[in-house]
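S.K.: Chains A and B, in that order, give the protein sequences. When you line the first sequence up against the numbering used here, it's residues 23 to 242, in that order. When you line the second sequence up against the numbering used here, it's residues 23 to 242, in that order. All residues carry an ideal CB built from backbone N, CA and C; glycine is no exception. Provided herewith is a single structure, encoded as structure tokens, for subsequent inquiry.
2 protein chains.
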Amino acid sequence: MSKKIGVVLSGSGVYDGSELHEAVCALLSLAREGLKAICIAPDVDQMHVVDHINGETTEERRNVLRESARIARGEIKAIEDINPTNLDALFFPGGFGAAKNLCNFAVKGSECDVNPEVESLVNAMLDSGKPIAAVCIAPALIARIAGKRGIRTEVTIGNDPDAADAIEKMGARHINCAINEIAVDSKNRIITGPAYMMTSSITEVAANIEQVVVRLKEML
Amino acid sequence: MSKKIGVVLSGSGVYDGSELHEAVCALLSLAREGLKAICIAPDVDQMHVVDHINGETTEERRNVLRESARIARGEIKAIEDINPTNLDALFFPGGFGAAKNLCNFAVKGSECDVNPEVESLVNAMLDSGKPIAAVCIAPALIARIAGKRGIRTEVTIGNDPDAADAIEKMGARHINCAINEIAVDSKNRIITGPAYMMTSSITEVAANIEQVVVRLKEML
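In structure tokens form, the structure reads like this:
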């Protein structure tokens, strides 16, 4: 039986959802390593919809689960319909969706609120010692959830000083990483990588995510 | 100077736009082979918008260029703003968008109409002997454009008998291919692969697209 990795999506598109290259590279790396991806997302409206050509907010409303289904080719479940005991680990791709729809770090920084279902799911993994992987800005979400419980995780979002400072304020330790490095918190079983926080190269992002997935597999 | 490959997108999501895994795998393979991807799309409305959870058409209207920008992280141009002399080749990912938004093969089969800007662009490449790569259902679009001019291309969409029959009706020769095979029309410089027409495995799709891109590079 393949190990089941919940891939937590946050919409479809870097500026208001999951970063598509990161999400697809994660699905590809997981499959290559023999791990079964279970795509999941919260069934809530996006914070907003962004025109990806000019960066402006539009008048549209879109649902995080429904847009995330585009990445999953329709094979997706709402987080509320998932029993965490059926998952062996989680993987969070980045993109602004992780900081706008799964939590509101993009708006409130270190004081951010977290989607309750995402928080319950992450807490269930922390409680059972199951690994959590996150890339790009998504490690901020993990730092917040763990930090609220006094768990001092060690994570990276690359080397952006403002984001690193916010992560420290949430109770985590920030590890500066280059794009060919990852941070491994062996105690709390959390693996993070900078991905598009540190580069504009899809090949570097793919390699960084592969590093994260390989380490995740070793930890299972 | 890297060779420039126009990646023709058709929206964002398998059921009404570009298939996301194919599009991202194409961008990744092109980058790995040292080819520069120039993302382009027609600035037109999508045929329709499909809810990717239940497959139903929604009331929304979305623009092909704007949605395609999600795959391109905002770095995209309208086809009308591209001079074909500045491109060295084209790559068409699949997804229903190729058969709904770039042409209407999904509705009209072998009698399909083609978006005029896409048709002009493909014709410019055929006229100048520049290579065209296409995967999944997108080879049907190439068969149609070339067939209207009496150019008998050799393409594959895998081994689906109905699609193969429609391709033959449009004036092309259909080559049955397995998921680890590609069809190479050396005379007309067209390279095609079945991708998601033949499998549900992202690893097989990525490998098939890599085959296509490697052959495309050899042809440049």
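Using only CA atoms, which one of B:232, B:227 and B:235 lies nearest to residue 43 (chain B)?
M.R.: Checked all of B:232, B:227 and B:235; the closest Cα to residue 43 (chain B) is B:227.
S.K.: Take residue 222 (chain B) and list the residues in its own chain whose beta-carbon comes closer than 8 Å to its own, dropping the five residues that flank it on each side.
M.R.: Result list for residue 222 (chain B): empty, nothing under 8 Å.
S.K.: Report the start-end ranges of each beta strand (DSSP E) in the region 38 to 105 of chain B that is 3 residues or longer and not cut off at the edges.
M.R.: Runs of the beta strand (DSSP E) inside the region 38 to 105 of chain B: 58 to 63.
S.K.: Just to confirm my understanding: we take residue 147 (chain B), look at its own chain, exclude 5 residues before and 5 after, and list those with CB closer than 6 Å. What are they?
M.R.: Cβ neighbours of residue 147 (chain B) beyond the five flanking positions: 112 and 154.
S.K.: On the three-pair Cβ rule with 8 Å, is the region 192 to 201 of chain B touching the region 170 to 180 of chain B?
M.R.: With the cut-off at 8 Å, the region 192 to 201 of chain B and the region 170 to 180 of chain B touch.
S.K.: My guess is that residue 163 (chain B) and residue 75 (chain A) are in contact by the Cβ rule of under 8 Å, so how many angstroms apart are they, rounded?
M.R.: Going by Cβ atoms, the distance from residue 163 (chain B) to residue 75 (chain A) rounds to 24 Å, so no, they are not a contact pair.
S.K.: Return the chain-ordered list of same chain residues with a C-beta closer than 8 Å to the C-beta of residue 67 (chain A), the five sequence neighbours on each side being excluded.
M.R.: Answer for residue 67 (chain A): 83, 84, 85 and 86, listed in chain order.
S.K.: In its own chain, which residues sit with a C-beta less than 7 Å from the C-beta of residue 41 (chain B), not counting the 5 before and 5 after it?
M.R.: 115, 116, 117, 158 and 218.
S.K.: So the candidates are B:240, B:38, B:237 and B:236; which of them puts its Cα closest to the Cα of residue 127 (chain B)?
M.R.: The candidate whose alpha carbon is nearest that of residue 127 (chain B) is B:38.
S.K.: Closer than 8 Å between beta carbons: that is the criterion. Which residues of the region 51 to 73 of chain B meet it against chain A?
M.R.: Of all residues in the region 51 to 73 of chain B, 53, 54 and 73 have a Cβ within less than 8 Å of some Cβ in chain A.
S.K.: Would you say residue 242 (chain B) reaches chain A, if we count a Cβ-Cβ gap shorter than 8 Å as a contact?
M.R.: So no, residue 242 (chain B) is outside the interface.
S.K.: Along the chain, where does the beta strand (DSSP E) that runs through residue 26 (chain A) open and close?
M.R.: Element bounds for residue 26 (chain A): 26 to 30.
S.K.: Taking residue 188 (chain A) as part of the alpha helix (DSSP H), name the residues at either end of that continuous run.
M.R.: Unbroken alpha helix (DSSP H) run through residue 188 (chain A): 183 to 191.
S.K.: What are the residues of the region 23 to 39 of chain A that lie near chain B, defined by any Cβ-Cβ distance shorter than 7 Å?
M.R.: Answer in chain order: 34, 35 and 36.
S.K.: Run through the region 116 to 162 of chain A for me and flag every whole alpha helix (DSSP H) of 4 or more residues, listed as ranges in chain order.
M.R.: Entirely contained in the region 116 to 162 of chain A, the alpha helix (DSSP H) runs reaching 4 residues are, in chain order, 118 to 122, 127 to 130 and 138 to 150.
S.K.: Can you pull out the residues from the region 104 to 122 of chain B whose beta carbon lies closer than 9 Å to at least one beta carbon of chain A?
M.R.: Of all residues in the region 104 to 122 of chain B, none has a Cβ within less than 9 Å of some Cβ in chain A.
S.K.: Around the C-beta of residue 207 (chain B), are 16 or more other C-beta atoms found within 10 angstroms, so that it is buried, or is it exposed?
M.R.: The residue is buried, with at least 16 neighbouring Cβ atoms inside 10 Å.
S.K.: Pop quiz: residue 57 (chain A) and residue 24 (chain A) are said to be a contact at Cβ under 8 Å. What is the actual Cβ separation, rounded to whole angstroms?
M.R.: Indeed they touch by this definition, with Cβ atoms about 6 Å apart.
S.K.: Is the separation between the beta-carbon of residue 178 (chain B) and that of residue 197 (chain B) shorter than 8 Å?
M.R.: Cβ distance < 8 Å, so residue 178 (chain B) and residue 197 (chain B) count as in contact.
S.K.: Does the region 47 to 61 of chain A come into contact with the region 131 to 139 of chain A, if we say contact requires no fewer than three beta-carbon pairs (one atom in each stretch) closer than 8 Å?
M.R.: No, the region 47 to 61 of chain A does not touch the region 131 to 139 of chain A.
S.K.: Whose Cβ in chain B lies nearer than 8 Å to the Cβ of residue 43 (chain A)?
M.R.: Correct list: 46, 49, 50 and 95.
S.K.: With a cut-off of 8 Å, does the C-beta of residue 217 (chain A) fall near any C-beta of chain B?
M.R.: By this cut-off, residue 217 (chain A) is not an interface position.
S.K.: Closer than 8 Å, CB to CB, is residue 87 (chain A) near chain B or not?
M.R.: So, interface residue.
S.K.: Quick check on DSSP: helix, strand or coil for residue 213 (chain B)?
M.R.: Note: residue 213 (chain B) maps to strand in three-state DSSP.
S.K.: Residue 51 (chain B) and residue 189 (chain B) look like a contact to me (Cβ under 8 Å); what is the Cβ gap, rounded to whole Å?
M.R.: Not a contact, Cβ separation roughly 24 Å.
S.K.: Using a Cβ-based criterion (distance less than 7 Å to any ligand heavy atom), does residue 146 (chain B) qualify as near the ligand MG?
M.R.: As far as ligands go, the structure on display features none, and thus does not contain the ligand MG.
S.K.: Quick check on the burial criterion: 16 or more other C-beta atoms within 10 angstroms. Buried or exposed for residue 216 (chain B)?
M.R.: Buried, by the Cβ-count rule.
S.K.: Using a Cβ cut-off of 8 Å, which residues of the region 139 to 155 of chain A contact any Cβ in chain B, in chain order?
M.R.: Cβ contacts with chain B: none found.
S.K.: Cα-Cα, which of A:229, A:141 and A:235 is closest to residue 106 (chain A)?
M.R.: Here the closest residue by C-alpha is A:141.
S.K.: Counting only the same chain and skipping the five closest in sequence on each side, list residues whose C-beta sits under 7 Å from that of residue 184 (chain B).
M.R.: Excluding sequence neighbours, residue 184 (chain B) sits near nothing in its chain.
S.K.: Determine the direct distance from the alpha carbon of residue 102 (chain B) to that of residue 31 (chain A), and round the result to whole angstroms.
M.R.: Approximately 34 Å, taken between the alpha carbons.
S.K.: Let me see if you follow: with CB-CB separation under 8 Å, is residue 91 (chain B) close to chain A or not?
M.R.: Yes, because at least one Cβ of chain A sits closer than 8 Å to the Cβ of residue 91 (chain B).
S.K.: Just to check my reading of the structure: residue 167 (chain B) and residue 110 (chain B) have Cβ atoms closer than 8 Å, yes? What is that Cβ distance to the nearest angstrom?
M.R.: In fact, because the Cβ distance is near 19 Å, the residues do not count as touching under 8 Å.
S.K.: Between the alpha carbons of residue 60 (chain A) and residue 149 (chain B), how many angstroms are there, rounded?
M.R.: Each residue's Cα considered, the two are about 46 Å apart.
S.K.: Looking at the unbroken alpha helix (DSSP H) that takes in residue 238 (chain A), where does it start and where does it end?
M.R.: From DSSP, the alpha helix (DSSP H) with residue 238 (chain A) extends over 224 to 241.
S.K.: Are residue 98 (chain A) and residue 48 (chain A) closer than 8 Å when you measure CB to CB?
M.R.: Contact: no.
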